[in-house]
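Written below as structure tokens is the structure these notes are about.
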Amino acid sequence: MSSRLDPVTLEVIRNALPAIANEMAADLQRTSYNMMIYEVRDFCTALLKPNGDLVSQNVGGVSHFVADLGVIVTDGMKRYGASSPGRSGAGPDASGFRPGDVVITNHQAVAGQHLNNVVIYMPYFFQGELIMFAMVRAHWIDVGGMSTGFGAGPHVADPWQEGLQLDQLKIYEEGRLDEKLYRVLRDNIRFPESSLGDMKSQMAACRLATRRLDELFGKYGKATVLAAIDQIFEETAQKCRNMVAKLPDGVYEASAALDDDGILKDDPIKIHAKVTIAKGHM
699 MSSRLDPVTL
709 EVIRNALPAI
719 ANEMAADLQR
729 TSYNMMIYEV
739 RDFCTALLKP
749 NGDLVSQNVG
759 GVSHFVADLG
769 VIVTDGMKRY
779 GASSPGRSGA
789 GPDASGFRPG
799 DVVITNHQAV
809 AGQHLNNVVI
819 YMPYFFQGEL
829 IMFAMVRAHW
839 IDVGGMSTGF
849 GAGPHVADPW
859 QEGLQLDQLK
869 IYEEGRLDEK
879 LYRVLRDNIR
889 FPESSLGDMK
899 SQMAACRLAT
909 RRLDELFGKY
919 GKATVLAAID
929 QIFEETAQKC
939 RNMVAKLPDG
949 VYEASAALDD
959 DGILKDDPIK
969 IHAKVTIAKG
979 HM
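Under the working numbering, the final residue of the sequence shown carries the number 980; numbering is consecutive throughout.
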């Protein structure tokens, strides 16, 4: 960065970004249909850059839900491209992202969780440029499959028995609902009013985020807000380096094991972690 922001502006933006994620969470809880969301808080809300960097997330909810949201964003960018049809380097569905698009996904290969944890996300544009994505992952009460709630848990041998797998599908494209996809969802869910109601709540939370981002970028300008985000990332990275610097040089090791999957009865899966700290290489 060529210049640093004044501390007051930096702190306002630093606190505004998580405030947006927290307001998304409040909106989701107040409008959702199933108690896994409004009572258990089995969800997360977040803002991410197009490269997958996490800008902010809500406080509370399930914090580890955000761990693979960046992978979902980067996969979506590969799938659709940034904004222009036929964009070079984009995948076969390279229709681009545009205002009014809403993507739904829970696919095991990318989302990496049980299928009830459905992600809804939409792009945010400012002055025609794709700036970031507003995202909500929430636990639906049913996605089809063998049972409600948790997709039958350890009783199923593969995710196809859990329910519908949705792989980066646009449920809305430029503000227009995909009626066929909506009917597929409705006809394959035991409680469509609940699950599709939760989907609409997730969309409402994302739309709220885009309005708040419009206010933030409109007040401070794109250059200032993006510079603030860069500076926050820079300061956070330095804080992490400072914490590691306090640890003595050496090799740190730990071992653990995962139980068998309850079906194949394999031996426990052993996991061994080994970390070397050498200050001269930081």
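Where a beta carbon is used, it is the ideal one built from N, C-alpha and C, also for glycine.
Can you say whether residue i is buried or exposed, counting buried as having 16 or more other CB atoms within 10 angstroms of its CB?
| i | result |
| --- | --- |
| residue 921 | exposed |
| residue 883 | buried |
| residue 748 | buried |
| residue 941 | exposed |
| residue 936 | exposed |
| residue 746 | buried |
| residue 938 | exposed |
| residue 840 | buried |
| residue 731 | buried |
| residue 878 | exposed |
| residue 916 | exposed |
| residue 715 | buried |
| residue 765 | exposed |
Mind checking who residue i pairs with in its DSSP beta bridge?
| i | result |
| --- | --- |
| residue 895 | Bridge partners of residue 895: none, in fact. |
| residue 901 | Answer by DSSP bridge pairing: none, since residue 901 is not bridged. |
| residue 738 | Its beta-bridge partners do not exist; DSSP assigns none. |
| residue 746 | 752, 831 |
| residue 803 | 817 |
| residue 967 | 956 |
| residue 868 | 801 |
Grab me the residues of residue i's own chain with a C-beta within less than 6 Å of its C-beta, minus the 5 sequence neighbours each way, in chain order.
| i | result |
| --- | --- |
| residue 838 | 814, 816, 893, 896 |
| residue 863 | 805 |
| residue 873 | 798 |
| residue 751 | none |
Take residue i as the anchor and find which of the options has the nearest alpha-carbon.
| i | options | result |
| --- | --- | --- |
| residue 713 | 956, 927, 939, 950 | 927 |
| residue 977 | 955, 948, 968, 966 | 948 |
| residue 845 | 860, 834, 836, 831 | 860 |
| residue 821 | 800, 834, 804 | 800 |
| residue 808 | 777, 870, 732, 891 | 777 |
| residue 717 | 758, 703, 863 | 758 |
| residue 725 | 768, 875, 904 | 904 |
| residue 847 | 715, 709, 734, 968 | 734 |
| residue 823 | 795, 728, 842, 811 | 795 |
| residue 704 | 918, 779, 798 | 918 |
| residue 719 | 831, 779, 770, 826 | 831 |
| residue 710 | 729, 930, 885, 868 | 930 |
Put residue i into one of helix, strand or coil per three-state DSSP.
| i | result |
| --- | --- |
| residue 974 | strand |
| residue 855 | coil |
| residue 874 | strand |
| residue 833 | strand |
| residue 951 | strand |
| residue 824 | strand |
| residue 880 | helix |
| residue 846 | coil |
| residue 757 | coil |
| residue 911 | helix |
| residue 944 | coil |
| residue 763 | helix |
| residue 711 | helix |
| residue 723 | helix |
| residue 840 | coil |
| residue 731 | coil |
| residue 796 | coil |
| residue 887 | coil |
| residue 936 | helix |
For residue i, which residues of its own chain have a beta-carbon under 8 Å away from its beta-carbon, when the five flanking residues on both sides are left out?
| i | result |
| --- | --- |
| residue 952 | 970, 971 |
Excluding the five sequence neighbours on either side, which residues of its own chain have a C-beta within less than 7 Å of the C-beta of residue i, listed in chain order?
| i | result |
| --- | --- |
| residue 901 | 800, 818 |
| residue 854 | 844, 860 |
Under 8 Å between C-beta atoms, does residue i make it to chain C?
| i | result |
| --- | --- |
| residue 948 | This model lacks chain C altogether, as it is built from one protein chain only. |
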